[in-house]
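Residues in the first sequence are numbered from 1 upward in steps of one, following full-length UniProt numbering. The beta-carbon is built from N, C-alpha and C at its ideal position, and this holds for glycine as well. Quantities reported herein were computed from a predicted structural model and do not represent experimental measurements. Here's the structure, in structure tokens; my notes come after.
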Amino acid sequence: MQNLLHNLNPEQLAAVTLPAQSALILAGAGSGKTRVLTTRIAWLIQTGQVSPGGILAVTFTNKAAKEMQARLSAMLPINTRGMWIGTFHGLCNRLLRAHYRDAALPQTFQILDSQDQLSAIKRLLKQNNIDDEKYPPRNLMYFINSAKEQGLRPHEVDAYDDFNRKFVQLYEMYEQQCQREGVVDFAELLLRTYELLSRNQPLREHYQRRFSHILVDEFQDTNDLQYKWLKLMAGQHGAVFAVGDDDQSIYAFRGANVGNMMAFERDYNVQNLIKLEQNYRSHGHILDSANCLIAHNSKRLGKNLRTDAGHGEPLRVYEASSDLQEAQWIIEETKSLIGEGMSRSEIAILYRSNAQSRVIEHALFTAGIPYRVYGGQRFFERAEIKHAIAYLQLMDNPHNDSAFLRVVNFPTRGIGARSLEQLQDAARQYGISLYAAVAYVAGKAGTSLGGFVKLIESARFETQNLPLQEMVKVVLERSGLMMHYQSDKDGADRIENLEQLVSAAMLFVSEEGFGIDTPALAGPKAQAVAGAGITTADGVEIVDADAPLHTVMSPLSAFLSHASLEAGDNQAQVGQDALQLMTVHSAKGLEFDAVFITGLEEGLFPHENSQQEQGGLEEERRLMYVAITRAKKRLYLSFSQTRMLHGQTRYNMKSRFLDELPDECLKWLSPQVQHRWFGHTAKAAWDDAPQAGANAIAQQFSGKDIGWKAGETVFHQKFGEGVIVNIEGGGGNARAHINFGRHGMKLLDLGVAKLQKVTNA
DNA sequence: AAGTAGAATCTTTTT
DNA sequence: GATTCTACTT
Numbered sequence: 001m002q003n004l005l006h007n008l009n010p011e012q013l014a015a016v017t018l019p020a021q022s023a024l025i026l027a028g029a030g031s032g033k034t035r036v037l038t039t040r041i042a043w044l045i046q047t048g049q050v051s052p053g054g055i056l057a058v059t060f061t062n063k064a065a066k067e068m069q070a071r072l073s074a075m076l077p078i079n080t081r082g083m084w085i086g087t088f089h090g091l092c093n094r095l096l097r098a099h100y101r102d103a104a105l106p107q108t109f110q111i112l113d114s115q116d117q118l119s120a121i122k123r124l125l126k127q128n129n130i131d132d133e134k135y136p137p138r139n140l141m142y143f144i145n146s147a148k149e150q151g152l153r154p155h156e157v158d159a160y161d162d163f164n165r166k167f168v169q170l171y172e173m174y175e176q177q178c179q180r181e182g183v184v185d186f187a188e189l190l191l192r193t194y195e196l197l198s199r200n201q202p203l204r205e206h207y208q209r210r211f212s213h214i215l216v217d218e219f220q221d222t223n224d225l226q227y228k229w230l231k232l233m234a235g236q237h238g239a240v241f242a243v244g245d246d247d248q249s250i251y252a253f254r255g256a257n258v259g260n261m262m263a264f265e266r267d268y269n270v271q272n273l274i275k276l277e278q279n280y281r282s283h284g285h286i287l288d289s290a291n292c293l294i295a296h297n298s299k300r301l302g303k304n305l306r307t308d309a310g311h312g313e314p315l316r317v318y319e320a321s322s323d324l325q326e327a328q329w330i331i332e333e334t335k336s337l338i339g340e341g342m343s344r345s346e347i348a349i350l351y352r353s354n355a356q357s358r359v360i361e362h363a364l365f366t367a368g369i370p371y372r373v374y375g376g377q378r379f380f381e382r383a384e385i386k387h388a389i390a391y392l393q394l395m396d397n398p399h400n401d402s403a404f405l406r407v408v409n410f411p412t413r414g415i416g417a418r419s420l421e422q423l424q425d426a427a428r429q430y431g432i433s434l435y436a437a438v439a440y441v442a443g444k445a446g447t448s449l450g451g452f453v454k455l456i457e458s459a460r461f462e463t464q465n466l467p468l469q470e471m472v473k474v475v476l477e478r479s480g481l482m483m484h485y486q487s488d489k490d491g492a493d494r495i496e497n498l499e500q501l502v503s504a505a506m507l508f509v510s511e512e513g514f515g516i517d518t519p520a521l522a523g524p525k526a527q528a529v530a531g532a533g534i535t536t537a538d539g540v541e542i543v544d545a546d547a548p549l550h551t552v553m554s555p556l557s558a559f560l561s562h563a564s565l566e567a568g569d570n571q572a573q574v575g576q577d578a579l580q581l582m583t584v585h586s587a588k589g590l591e592f593d594a595v596f597i598t599g600l601e602e603g604l605f606p607h608e609n610s611q612q613e614q615g616g617l618e619e620e621r622r623l624m625y626v627a628i629t630r631a632k633k634r635l636y637l638s639f640s641q642t643r644m645l646h647g648q649t650r651y652n653m654k655s656r657f658l659d660e661l662p663d664e665c666l667k668w669l670s671p672q673v674q675h676r677w678f679g680h681t682a683k684a685a686w687d688d689a690p691q692a693g694a695n696a697i698a699q700q701f702s703g704k705d706i707g708w709k710a711g712e713t714v715f716h717q718k719f720g721e722g723v724i725v726n727i728e729g730g731g732g733n734a735r736a737h738i739n740f741g742r743h744g745m746k747l748l749d750l751g752v753a754k755l756q757k758v759t760n761a
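Given below as structure tokens:
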């Protein structure tokens, strides 16, 4: 016991050892959140308050779930494999497999990832001759997902106008299509499980009894359905231990509702609210800046981070003349950090949007500095992998039309649009899947399609007794995928990926406890483990969904779920010591010795699209808060006067977030190019000057030229600071478009408007 | 039926 | 600027 709890600070200790009641832990950035969560579980088990089977720990990402599992294994002398630790979606998948009949799903139901879902929607629209200009597939997808995330089925959605009614109708048709095909999307996993448990009393009560302790990570990221799901799981007596940070809520755009934290406090009458405010990550100036920035938000539960570390270095702020020069500056600074002995992997370069990485990558590449970009394409999202998976999907569930269409003519086997049209007509006529409809198509089309069906069937027959990895191997050959990429001159990488799929299958099978000799199609062992089952009042035997996957599904089904739920690594070349490039979103949860936050410009960060959204600015500010709190020792902030975006040069003003940081924490670095336009370089002693000094207004220039140039920052009595975007006309009647940020774009007569030059740094 | 040229679009992202 | 989708050609 002693060793479990030692080194916890008073708040952490209080949280870990709370009585078995619901609690809300407000865990600030770098306050030891994961440690509290895992120690809480270990403590509950070690003190005998709960058995491992009584714990349900829910996370959002597979990474977080794995980390929790790993830490627990280190803390406890028991096998943590049997514990229910996973993502919302992973846990739902497991439950639905075990209770597939009650959930009205085929045993081999398959999971659509977002790509699959979008193509399913496009197919639906095309099939029903619906104008996708008027009803864009993306919007429909968003509509469907947000309805599901609120727990709403089509008939429950408020259809307030004709347009909306059409969406509702399409939502209904989409559902029918999914049901027919035996596929579920991500939101459906949650909703189906929720409905299963709310309708089935014995089942619900069984799980409610079982899970006496429910622990939730990143609670601020839960959506409405996830909140309802948790509530249902907990029942009247379950203790929910929710850990989160309202200031780090940055996923509202995908349905997360910070309001769930307040709702939780109210609904559960939470007596135990503990704030973890002691930060173990960042130096003082960095933390003070973060606190000061986030204080500008109004809707907060209230929290202020503190540290025992000293002030440390000031935040260095740099104004570049262009995005290229910003990248150049980053390189100079990283070189000097590396020179000081910092390792490259401890330096992160953050940006608001992916488009910004290109310039930086180019500069790093030219300079020969190794770097790693996060957020690229992931393993299971690669086209060749998706193709291979589609063959496997058809072998497990031939009614998956998406999978059918993906590979029916890939590699090409002479089945074109006309044959498929015929097939789709037949399928529609009989209300069956494309695969089943093949039998009804006659003539030449029928022959080539029949060949495809034979291919799938014989592949299934040949591999029925083979373990998964062998099955994958056979499928790669029999499908012709290997051959196809072998004859492709740029196919080498794809071949390599396909070979990696075989290793992935092998690894999966051994890690998930299937045994590497188990046939891929062997049914779940759950039925055999009768002891785990319970019998309900009406005599129905319930086979309990035990934690390990092999008790509820076949290796193939499990692997296919895995491919959808865990798209794999999205980081390139792991291993070598490289700079870390990523968006601010993907940096959440990580920490680095040194962090660069780049592109701090109005329109970029905060992003212009956030202005229209309710609460958009506050979310952007939380995003900035997340970015700042990633840094341990050094923080660099930069913005640029000009930037190439979407093939156009943009002139942005510096981000308002820079103005929201305390002057005494900042050190403005001298700009190099500020006054080159006027033939001389102002070399003020700015190096150590705080912002106020650097913001000094330069004297007005007079002379023959009009004295203004695009990209310059100016000051206007009424509109404040703005950036000249372009100048039209000349001499006495020159006019300029000036971007005043919050006040919008203005067209001003340069002869009339009383503008002052601003040389802000 | 398959490959190629022009047009539209473009925050953030996990499951 | 770069990708992705549609329309057109062969």
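- The residue from V157, L112, D245 and Q169 with its alpha-carbon nearest to that of L189 is L112.
- The C-alpha of V552 lies about 8 Å from the C-alpha of G523.
- Non-local beta-carbon contacts of S638 in its own chain, meaning distances under 8 Å to residues more than five positions away in sequence, involve V317, Y318, E319, A320, E326, W329, I330, F596, I597, T598, G599 and L600 in chain order.
- Rounded to the nearest whole angstrom, the C-alpha separation of R344 and Y625 is 23 Å.
- Linking R650 to G339 through their CA atoms gives a straight-line distance of about 34 Å.
- The beta carbons of A390 and V407 sit closer together than 8 Å.
- Per DSSP, the continuous beta strand (DSSP E) segment holding E319 begins and ends at L315 to S322.
- With contact defined as three or more Cβ pairs closer than 8 Å, the segment 397-407 and the segment 177-193 are in contact.
- Secondary structure of Q177 (DSSP, three-state): helix.
- Residue ranges of uninterrupted alpha helix (DSSP H) with 4 or more members, entirely inside the segment 67-132 and ordered along the chain, are 88-98 and 114-127.
- In the structure shown, the three-state DSSP call for T59 is strand.
- When DSSP states are grouped into helix, strand and coil, E511 belongs to the helix group.
- The straight-line gap separating the alpha-carbon atoms of V453 and E133 is approximately 35 Å.
- DSSP places Q21 outside both helix and strand once states are collapsed to three, so it counts as coil.
- With a beta-carbon spacing of about 26 Å, Y194 and K166 fall beyond the 8 Å limit used to define contacts.
- Annotation note: the segment 368-419 contains the following uninterrupted alpha helix (DSSP H) runs of length 4 or greater, listed N- to C-terminal: 383-396 and 401-407.
- Rounded to whole angstroms, the separation of the alpha carbons of Q208 and R40 is 20 Å.
- Straight through space, the alpha carbons of V502 and N279 are spaced by roughly 44 Å.
- Nearest to S119 by alpha-carbon distance, out of Q177, A567, E67 and L755, is Q177.
- Looking at the DSSP output, M582 sits in a beta bridge with L350.
- If the five residues before and after K33 are omitted, its C-beta is found closer than 8 Å to the C-beta atoms of I25, A27, D217, V243, D245 and L276, all from its own chain and listed in chain order.
- Judged by beta-carbon spacing, P137 lies within the 8 Å limit of L125, meaning their Cβ atoms are closer than that value.
- Residue environment analysis places D488 among the exposed positions, since fewer than 16 neighbouring C-beta atoms fall within 10 angstroms of its C-beta.
- Contact holds between the segment 67-86 and the segment 44-53, because three or more Cβ pairs, one in each stretch, are under 8 Å apart.
- Counting C-beta pairs with one atom in each stretch, the segment 464-476 and the segment 501-517 have three or more that are closer than 8 Å, which means they touch.
- Assignment of beta-bridge partners to S249 by DSSP yields no partner.
- With at least 16 other beta carbons inside 10 angstroms of its own, K654 counts as buried.
- In the structure shown, K633 falls within a strand segment according to DSSP collapsed to helix, strand and coil.
- Out of H99, A159 and L191, the CA that lies nearest to the CA of L203 is found in H99.
- Inclusion of T642 and S322 in the CB contact set at 8 Å is warranted, their separation being smaller than that value.
- In this structure, the straight-line span from the alpha carbon of C665 to that of F186 is close to 44 Å.
- Per DSSP, the continuous beta strand (DSSP E) segment holding L215 begins and ends at H213 to V216.
- Less than 8 Å separates the beta-carbon of R621 from that of L293.
- When C-beta atoms of the segment 415-434 are compared with those of the segment 374-388, fewer than three pairs fall below 8 Å, so the two segments do not count as touching.
- Secondary structure at T598: coil, using DSSP grouped into helix, strand and coil.
- Taking C-alpha positions only, P548 is separated from F514 by approximately 9 Å.
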